[in-house]
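Participant: I'd like to ask some things about the structure below.
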Amino acid sequence: MSSPTDVESVKLLLAEVNTLGRLVIGNDGGESARKKLISAAEKLIIAARTPGENLYLTAAQPFLNGSISAAYSIGCFDCIPSDTNDDMSAGEISLKAGAEKALVVRIMRVLTSSHIFVETGRERYASNHFSRILGTPENRAHFQIQNTIVGPAAGALGAYLETHNLRSPTDHHDSPLQFALKTPYDFWGYLKEDPMRAKMFNQSMRSSAIVGAAGIPPFPFADELKCDSEEEVLIVDVGGGKGQALEFIRNGFPELKGRMIVQDLPEVIKDTNGSSHLLSSIETMAADFFKPQPVLGAKAYFLRRIMHDWGDEACKSILKNLVQSMSVDSKILVNELVLPDENCERRMALNDLVMMSFGGMERTESQWKALLQEVGLDIRNIWRKEGENLSVIEATLRS
Ligand SMILES: C[S@@+](CC[C@H](N)C(=O)[O-])C[C@H]1O[C@@H](n2cnc3c(N)ncnc32)[C@H](O)[C@@H]1O
Numbered sequence: 002m003s004s005p006t007d008v009e010s011v012k013l014l015l016a017e018v019n020t021l022g023r024l025v026i027g028n029d030g031g032e033s034a035r036k037k038l039i040s041a042a043e044k045l046i047i048a049a050r051t052p053g054e055n056l057y058l059t060a061a062q063p064f065l066n067g068s069i070s071a072a073y074s075i076g077c078f079d080c081i082p083s084d085t086n087d088d089m090s091a092g093e094i095s096l097k098a099g100a101e102k103a104l105v106v107r108i109m110r111v112l113t114s115s116h117i118f119v120e121t122g123r124e125r126y127a128s129n130h131f132s133r134i135l136g137t138p139e140n141r142a143h144f145q146i147q148n149t150i151v152g153p154a155a156g157a158l159g160a161y162l163e164t165h166n167l168r169s170p171t172d173h174h175d176s177p178l179q180f181a182l183k184t185p186y187d188f189w190g191y192l193k194e195d196p197m198r199a200k201m202f203n204q205s206m207r208s209s210a211i212v213g214a215a216g217i218p219p220f221p222f223a224d225e226l227k228c229d230s231e232e233e234v235l236i237v238d239v240g241g242g243k244g245q246a247l248e249f250i251r252n253g254f255p256e257l258k259g260r261m262i263v264q265d266l267p268e269v270i271k272d273t274n275g276s277s278h279l280l281s282s283i284e285t286m287a288a289d290f291f292k293p294q295p296v297l298g299a300k301a302y303f304l305r306r307i308m309h310d311w312g313d314e315a316c317k318s319i320l321k322n323l324v325q326s327m328s329v330d331s332k333i334l335v336n337e338l339v340l341p342d343e344n345c346e347r348r349m350a351l352n353d354l355v356m357m358s359f360g361g362m363e364r365t366e367s368q369w370k371a372l373l374q375e376v377g378l379d380i381r382n383i384w385r386k387e388g389e390n391l392s393v394i395e396a397t398l399r400s
């Protein structure tokens with residue numbers, strides 16, 4: 002047997018995994034126990050592997066993403082029955098997809114050994130929970146955007162930083178994305194350049210991968226926002242894409258009175274208007290958030306996953322346009338990650354680098370406070386919910 006990296010730790014971590022696992026199974030200890038279990042289990046894997054395995058598997062990681070991408074292209078996620086009791090052979094997939102059988106086997110080997118799909122026999126495969134999640138159209142779009150746009154930027158991050166004085170990128174036109182993809186466009190221009198790419202991105206924004214399973218922002222909309230009539234504007238979703246956040250808010254709080262408007266770039270609004278998901282009670286409006294806000298005095302200007310796309314200067318200009326349109330009882334609701342100062346979990350830390358790849362960033366509470374204060378806003382509250390990744394930062398005009 003090859004030697005584990007750290008036998009002593011294997012013993013301790015096994016005990017920890019056992020204790021935490023019991024808590025999680027017993028539905029005790031909440032989200033904190035679940036996260037600790039994952040962390041302990043991951044440390045256990047690292048301790049049990051040999052140092053060489055740890056190195057090799059980390060270095061070869063891009064090919065796991067590559068094999069998922071290849072499986073999408075071959076059609077494995079569509080061909081293999083989603084019912085976990087049914088399976089399919091490599092030969093059948095090959096026939097159905099028109100793909101070389103040996104290629105199917107090579108790709109599926111990576112996926113089954115990575116616990117995405119189950120190997121039920123020689124060259125036979127069945128779905129599992131993981132493959133079913135990866136197979137939904139919006140999660141697939143999310144994965145493909147990560148893999149094809151920010152993935153190459155990730156690979157080039159070190160080289161980019163070496164040529165940029167080891168400073169975080171702040172210029173949208175000179176970020177790892179342009180460095181890796183050799184494009185003159187910023188992220189949004191790069192999407193616009195190819196309508197299929199843009200469509201894929203808009204669809205990816207419906208994925209729950211970052212937003213959290215519930216999808217409803219953790220803010221008591223019904224208690225905190227009130228319109229006297231249906232004609233008043235309750236919420237403007239600034240940069241709201243296909244209206245996915247408003248859809249959850251409308252469905253989650255059917256008692257809310259007042260108009261809900263989703264704003265985005267003209268080409269996105271065109272895509273949104275053609276979407277079967279959009280609720281008839283949600284209005285659409287093309288509006289550039291770097292220009293004055295056309296809707297005055299809404300009860301709330303809601304921005305989900307907008308500010309993290311941009312550096313501080315751009316964020317200030319987006320916020321100033323909103324500040325000018327606010328009335329005394331308007332709020333700005335920023336629905337974003339709030340990074341902890343210590344013990345940041347990997348998902349959040351990685352998302353910061355995803356944003357870095359095109360000149361954006363995730364922010365800590367003190368960074369949010371400083372940013373909002375600079376444009377005359379005060380944080381009234383930060384609303385968090387266990388299990389939801391994104392918080393809601395509620396800001397009002399400084400009185
Ligand atoms: C990361 S997405 C977030 C979408 C949505 N808020 C959500 O969380 O699902 C950022 C959105 O900002 C929009 N956007 C980018 N630049 C914009 C601009 N100048 N004016 C308005 N929207 C813009 C994009 O089209 C995209 O829909």
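Numbering (this note's numbering), first residue to last: 2 to 400. Idealized CB from N, CA, C, for every residue including glycine.
#1: Would you mind reading off the limits of the beta strand (DSSP E) that contains V296?
#2: Excluding five sequence neighbours on each side, which residues of the same chain lie with their C-beta closer than 8 Å to the C-beta of P52?
#3: From which residue to which residue does the alpha helix (DSSP H) around L433 run?
#4: S205 by DSSP, collapsed to three states: which one?
#5: Hey, does Q145 have any beta-carbon neighbour from chain D nearer than 8 Å?
#6: Anyone know if the C-beta pair for K183 and C228 falls short of 8 Å?
#7: Is DSSP giving M197 helix, strand or coil here?
#8: Assuming L378 contacts L398 (C-beta within less than 8 Å), just tell me the rounded distance between them.
#9: If you compare alpha carbons, which of M2, S74, A91, E284 is closest to A401?
#10: Pull up the CB-CB distance for R1 and L235, whole angstroms please, since I reckon it's below 8 Å.
#11: Label E194 either buried or exposed according to how many other C-beta atoms from any shown protein chain fall within 10 Å of its C-beta, with 16 as the threshold for buried.
#12: Can you say whether T285 is buried or exposed, counting buried as having 16 or more other CB atoms within 10 angstroms of its CB?
#13: Measuring CB atoms only, is the stretch 301 to 316 touching the stretch 354 to 374, in the sense that at least three cross pairs come out at less than 8 Å?
#14: Looking at the secondary structure, which residues open and close the beta strand (DSSP E) in which V151 lies?
#15: Using a threshold of 7 Å, is the CB atom of Q245 nearer than that to any non-hydrogen atom of ligand 1?
#16: Considering G122, what are the terminal residues of the beta strand (DSSP E) in which it resides?
#17: By DSSP, does M362 sit in helix, in strand, or in coil?
#18: Do V106 and A127 have their CB atoms nearer than 8 Å?
Facilitator: This is what the structure holds:
#1: Unbroken run through V296: none, as it is neither H nor E.
#2: T6
#3: Limits of the chain in this structure are 2 at one end and 400 at the other, which puts residue 433 out of reach.
#4: Assigned with DSSP and collapsed to three states, S205 falls in helix.
#5: Among the chains in the structure shown there is no chain D, since it carries only a single protein chain.
#6: no
#7: helix
#8: 7 Å
#9: The structure shown has nothing for residue 401, since the chain only spans 2 to 400.
#10: The requested residue 1 is not part of the displayed model; the chain covers only 2 to 400.
#11: exposed
#12: buried
#13: The answer is yes - the stretch 354 to 374 touches the stretch 301 to 316, with three or more Cβ pairs under 8 Å.
#14: From DSSP, V151 is part of no beta strand (DSSP E); its letter is neither H nor E.
#15: It does: the Cβ of Q245 is within 7 Å (strictly closer) of some heavy atom of ligand 1.
#16: 119 to 122
#17: coil
#18: no
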